[in-house]
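Going down the list, the protein sequences come from chains H and P. At position 67 of the first sequence (counting the first as 1) the number is 67 in my numbering, and the numbers step up by one without a gap. At position 326 of the second sequence (counting the first as 1) the number is 326 in my numbering, and the numbers step up by one without a gap. What follows is a set of notes on a single structure, which appears directly below.
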Amino acid sequence: MRVGGVEVGVEVGVEVGAGTGGAGRVPYSRMLSLVDLRKSFGPLLAVDGLSLEVHRGEVFGLLGPNGAGKSTTIGMAVGLITPDSGRVTVNGAGRPTDAEVRRHIGVAPQSLALYDDLSGEENVRFFGRIFGLSGEQLRRRCDAVLDLVGLLPRKKDWVKGYSGGMKRRLNFAVALIHDPPMLLLDEPTAGVDPQSRNNILDLVRTLAQQGKTIVYTTHYMEEASRLCTRVGIMDQGRLLALGTVPELVASKGGKSVVVVSREGAEDELIESDDPVREIARVLGNGAGAGDREVRVERPDLESVFLSLTGRSLRD
Amino acid sequence: MNAVLAIALKDLVLLVRDRANAFFTFVFPILLAIFFGVIFRGSGDGGGKLTIALVDEDNSKSSALLATDIRGDKALDVVVESGEPARPLSRDEGLALVRRGKADASVIIPKGFGEGVGDFMAGGQMKLEGVVPPGRSAEAGLLTGKLNELAFRQMTRGFGDPDEMKQNVNAARKSLAAATGVSPLQKVAFEAMLSSVQNMSETSRRQNDEAAARGEARAADPMAPWRPVDVSITEVKAEREGPTNSFEISFPQGVVWGLMGCVTAFGLSLANERSRGTLMRLTTAPISRQQIILGKALSCFTACVLVQVLLLTTAIVFFSVKVANWPMMIVAVMLSSLGFVGVMMAMAGLSRTEGGGSGMGRAVILILAMIGGGTIPLFFLPPFMQTLSSISPFKWATLAFEGALWRGFTAADMMLPGAVLLGFCVGGFAIGVYAMRWTTRA
Chain H
1 MRVGGVEVGV EVGVEVGAGT GGAGRVPYSR MLSLVDLRKS FGPLLAVDGL
51 SLEVHRGEVF GLLGPNGAGK STTIGMAVGL ITPDSGRVTV NGAGRPTDAE
101 VRRHIGVAPQ SLALYDDLSG EENVRFFGRI FGLSGEQLRR RCDAVLDLVG
151 LLPRKKDWVK GYSGGMKRRL NFAVALIHDP PMLLLDEPTA GVDPQSRNNI
201 LDLVRTLAQQ GKTIVYTTHY MEEASRLCTR VGIMDQGRLL ALGTVPELVA
251 SKGGKSVVVV SREGAEDELI ESDDPVREIA RVLGNGAGAG DREVRVERPD
301 LESVFLSLTG RSLRD
Chain P
1 MNAVLAIALK DLVLLVRDRA NAFFTFVFPI LLAIFFGVIF RGSGDGGGKL
51 TIALVDEDNS KSSALLATDI RGDKALDVVV ESGEPARPLS RDEGLALVRR
101 GKADASVIIP KGFGEGVGDF MAGGQMKLEG VVPPGRSAEA GLLTGKLNEL
151 AFRQMTRGFG DPDEMKQNVN AARKSLAAAT GVSPLQKVAF EAMLSSVQNM
201 SETSRRQNDE AAARGEARAA DPMAPWRPVD VSITEVKAER EGPTNSFEIS
251 FPQGVVWGLM GCVTAFGLSL ANERSRGTLM RLTTAPISRQ QIILGKALSC
301 FTACVLVQVL LLTTAIVFFS VKVANWPMMI VAVMLSSLGF VGVMMAMAGL
351 SRTEGGGSGM GRAVILILAM IGGGTIPLFF LPPFMQTLSS ISPFKWATLA
401 FEGALWRGFT AADMMLPGAV LLGFCVGGFA IGVYAMRWTT RA
């Protein structure tokens with residue numbers, strides 16, 4: 001099967017979608033395949049035998065704390081970093097160092113990879129020309145991506161005059177200029193205000209609905225929960241778990257915890273598979289119910305990470 | 001090719017929009033060339049005028065005429081007044097101007113100057129005083145000659161004015177009559193001469209009056225055609241063995257600083273791209289590293305050519321610099337640009353970080369520029385420094401530029417600097433590309 005001029009693998013299967021980016025059961029083929037990747041920087045083992053596959057049309061979240069090896073993995077996925085060992089294939093067969101394969105990848109790096117002394121439009125146009133666009137096609141794509149990220153009215157302004165959120169969105173637009181089928185977004189919401197963050201998350205959803213394959217690295221678990229079809233959890237260069245968010249939470253997150261607080265006493269933590277029944281039991285348990293506060297803490301990706309590593313994502 | 005051009009164009013736009021870089025690349029070299037050109041002009045090319053503080057203590061008709069002649073002389077810039085409101089310079093003010101370096105010399109027309117003009121046929125002398133700073137013998141000689149020329153003009157005026165001539169002749173007759181050491185025979189001979197002079201002057205006036213009656217133009221100065229010495233001045237194109245204009249020295253220096261600006265600006269651009277993250281974008285785009293490097297090289301080459309053309313145009317249009325050999329100049333500009341693209345490539349390749357590259361690069365480039373003629377012209381350097389300067393590409397660029405400008409280089413002469421600059425180009429490219437293999441990928 002040929003997609004976008006590149007021969008791709010035809011292994012098609014079924015994956016269970018989850019999160020808002022997922023759409024239930026969807027057919028898939030491999031868009032990105034990482035096999036047993038290893039990379040060291042001197043004595044530091046940044047990525048240690050990582051293998052995973054990203055399927056066409058899914059939003060894949062690579063979750064882990066700072067220094068987990070996410071950016072190195074992205075670097076190897078786009079051919080920027082040469083792995084010490086292992087294999088990267090894009091679209092089933094192509095290597096990311098091949099020029100033709102690179103046309104199928106859009107990268108929004110964690111750092112704002114923009115020229116401050118150029119306007120937003122000039123930045124997008126420049127990278128468009130680098131990707132081989134020209135003339136009317138380039139003009140149309142420029143306007144389209146700037147419109148998509150909401151910067152069309154400010155396209156003539158120099159980037160140095162943009163806010164942090166606007167720069168993030170422009171960083172995104174540049175990654176989209178050549179209309180790649182796969183996007184690698186490295187911490188796209190790092191350091192932005194809540195409004196811009198929501199804009200970016202909406203943008204990712206829009207692109208996912210358009211059928212783009214998105215690899216999304218973040219250390220914000222709620223972003224991964226809201227957006228991603230599947231997530232891979234990394235720590236210290238290793239992939240600790242892989243699956244949909246409900247699968248991971250169910251398998252690695254542990255039980256819900258009913259927390260009973262009493263004034264002047266330590267909180268009582270009750271693990272339970274059925275927290276509703278447990279609450280009913282606590283509240284129906286005799287006198288003094290009025291001075292108690294009862295709440296449920298459900299397991300989430302943070303709990304998954306904690307159970308896998310013994311420490312918090314933010315540590 | 002589209003990608004290479006896009007990178008080159010983008011880098012040039014960024015260079016121009018970065019005010020500091022644009023200033024040090026395009027404006028600073030011109031200012032420096034003008035500054036050094038003005039300094040060197042004072043030390044010897046003779047292209048400037050002599051500034052004179054003129055003091056008239058006589059205030060006679062003759063002194064006023066002399067002052068007018070001095071002020072009208074094209075070789076002199078004359079200061080005659082000071083203060084607010086302006087008043088004629090006093091002797092002390094004139095001297096003060098010389099002491100403070102505001103004037104090259106002061107000329108004083110002393111009291112009695114006018115009488116000296118009248119007495120010249122009776123053995124009297126016109127007296128003028130000149131003041132110059134110590135050690136300025138050239139200026140003193142120039143001033144003496146110039147004042148003699150102008151004073152002699154006063155005498156010819158006397159001959160041209162019959163009334164004044166009559167007064168002068170009468171004064172001479174009185175002096176002759178009173179003279180005791182002159183024999184009667186000599187007195188008769190002098191008397192005959194004085195009568196002839198007076199007669200000539202009156203005949204001249206009569207002829208003028210008759211011509212005026214006929215409606216013909218009256219000669220303003222009947223003695224004007226009379227010139228005791230006929231000096232004819234012809235311009236001849238000199239064989240140029242050295243610069244004829246101080247700006248021919250300073251503008252090649254400006255070129256050195258312009259090229260330095262290009263090298264530092266573009267040499268750091270790769271480190272800039274790395275720290276910004278844009279290098280990551282470029283290296284993950286469907287273009288090769290060679291295209292990125294070529295784009296950088298093309299932008300640097302273009303900037304090097306532009307800065308040289310800008311300096312050369314400024315020198316020619318505003319500072320009367322003449323290019324001796326245009327084809328050689330084009331060759332020199334191209335070779336210099338290529339050589340410095342190589343230097344830039346080496347610097348770009350070796351600069352891993354913006355800060356480190358900036359410090360190391362600027363220091364090395366500054367030293368190379370200084371020993372290569374950037375601050376002191378090459379031919380002013382002592383012999384050992386001239387030998388040492390051979391390691392500096394700036395020396396060879398300066399040599400090529402000066403070769404085309406005033407050294408009269410032939411193609412054979414241009415071979416050595418050309419070959420060295422091409423060597424810097426190839427060597428710098430090799431170092432840069434090799435180093436970039438490690439700095440553009442992890």
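Backbone N, C-alpha and C fix where the C-beta goes; we use that ideal spot for every residue, glycine too. Since this is a predicted model, take the numbers as computed values, not measurements.
Between the CA atoms of residue j and residue i - distance to the nearest angstrom
i: P/L183; j: P/M193; result: Correcting the residue type first, residue 183 of chain P is Ser in the shown sequence and not Leu. About 15 angstroms.
i: H/G24; j: H/E58; result: Interpretation of H/G24 is limited by its pLDDT of 41, a score under 50 that renders its predicted location unreliable; the figure taken from the coordinates is listed afterwards. Computed Cα separation, rounded: 11 angstroms.
i: P/W144; j: P/A297; result: First, the amino acid is wrong: residue 144 of chain P is Thr here, not Trp. Each residue's alpha carbon lies about 59 angstroms from the other.
i: H/S111; j: P/G277; result: 6 angstroms
i: P/A315; j: P/I34; result: 9 angstroms
i: H/G164; j: H/V192; result: 6 angstroms
i: H/D143; j: P/P252; result: 47 angstroms
i: H/Q209; j: H/V282; result: 44 angstroms
i: H/T20; j: H/R226; result: Bear in mind that the predicted position of H/T20 carries a pLDDT of just 38, short of 50, making it unreliable; the figure below should be weighed with that in mind. Distance between the alpha carbons of H/T20 and H/R226: 6 angstroms.
i: P/S336; j: P/K322; result: 19 angstroms
i: H/G22; j: H/P246; result: At H/G22 the pLDDT is 40, less than 50, meaning the model places this residue with poor confidence and gives no usable figure here.
i: P/V433; j: P/T302; result: 20 angstroms
i: P/M126; j: P/S60; result: 13 angstroms
i: H/S261; j: H/G284; result: 15 angstroms
i: H/H178; j: H/L207; result: 14 angstroms
i: P/R87; j: P/V55; result: 11 angstroms
i: P/L270; j: P/N245; result: 40 angstroms
i: H/E268; j: H/V304; result: 22 angstroms
i: P/G374; j: P/G130; result: 40 angstroms
DSSP-derived helix/strand/coil call for residue i
i: P/M126; result: coil
i: P/R214; result: coil
i: H/E271; result: strand
i: H/I81; result: coil
i: H/Y216; result: strand
i: P/F36; result: helix
i: H/D98; result: coil
i: P/I478; result: Limits of chain P in this structure are 1 at one end and 442 at the other, which puts residue 478 of chain P out of reach.
i: P/L76; result: strand
i: H/G106; result: strand
i: H/D36; result: strand
i: H/L170; result: helix
i: H/D147; result: helix
i: P/L268; result: coil
i: P/A324; result: coil
i: P/E57; result: coil
Closest Cα partner of residue i within the set the options
i: P/P451; options: P/G94, P/I249, P/V13, P/F266; result: The structure shown does not extend to residue 451 of chain P, since chain P spans only 1 to 442, so no value can be given for it.
i: P/E57; options: P/L76, P/F40, P/V80; result: P/V80
i: H/L44; options: H/A190, H/R238, H/K252, H/T244; result: H/R238
i: H/T217; options: H/G49, H/T72, H/L37; result: H/T72
i: H/W158; options: P/N59, P/R17, P/F152, P/G141; result: P/R17
i: H/A46; options: H/L52, H/E53, H/L37; result: H/L37
i: P/L36; options: P/S288, P/W257, P/G403, P/C304; result: The residue you asked about is not Leu; residue 36 of chain P is Phe in the sequence shown. With distances taken between Cα atoms, P/F36 lies closest to P/W257.
i: H/N198; options: H/E223, H/R30, H/V215, H/L152; result: H/E223
i: P/L350; options: P/R274, P/C304, P/A20, P/I431; result: P/I431
i: P/A397; options: P/M328, P/Q386, P/R362, P/V255; result: P/V255
i: P/A64; options: P/N199, P/G112, P/A332; result: P/G112
i: H/T229; options: H/L242, H/Q236, H/H219; result: H/L242
i: P/A3; options: H/G150, H/R169, H/S134, H/F172; result: H/S134
i: H/V231; options: H/V276, H/S29, H/L269, H/L62; result: H/L62
i: H/S51; options: H/K255, H/L138, H/S33, H/A265; result: H/S33
i: H/R129; options: P/K49, P/A285, P/V131; result: P/A285
i: H/Y318; options: H/N66, H/V54, H/R56, H/R30; result: Chain H is shown from 1 up to 315; residue 318 of chain H falls before or after that span and cannot be answered.
i: H/P109; options: P/R153, P/S275, P/L176; result: P/S275
Residue i Cβ short of 8 angstroms to the ligand GTP heavy atom set
i: H/V304; result: Among the components modelled here there is no ligand, and therefore nothing to report on the ligand GTP.
Original post:
When you check each C-beta in the stretch 274-290 of chain P against every C-beta of chain H, which residues fall closer than 9 angstroms?
Top reply: The residues in question are S275, R276, G277, T278, L279, M280, R281, L282, T283, T284, A285, P286, I287, S288.
Original post:
Of all the beta strand (DSSP E) runs that stay within the bounds of the stretch 326-406 of chain P, which reach a length of 3 or more residues?
Top reply: None, since the stretch 326-406 of chain P contains no complete beta strand (DSSP E) of that length.
**OP:** Could you run through the stretch 13-40 of chain P and flag, in chain order, every residue whose CB is less than 8 angstroms away from some CB of chain H?
**Re:** Cβ contacts with chain H: V13, L14, R17, D18.
**OP:** With 9 angstroms as the limit, tell me which residues of the stretch 292-310 of chain P have their beta carbon closer than that to any beta carbon of chain H; keep them in chain order.
**Re:** Near chain H, meaning a CB-to-CB distance below 9 angstroms, no residue of the stretch 292-310 of chain P qualifies.
Original post:
Got a sec: which bits of the stretch 127-147 of chain H sit with their beta carbon under 8 angstroms from any beta carbon on chain P, in order along the chain?
Top reply: Of all residues in the stretch 127-147 of chain H, F127, R129, I130, F131, G132, S134 have a Cβ within less than 8 angstroms of some Cβ in chain P.
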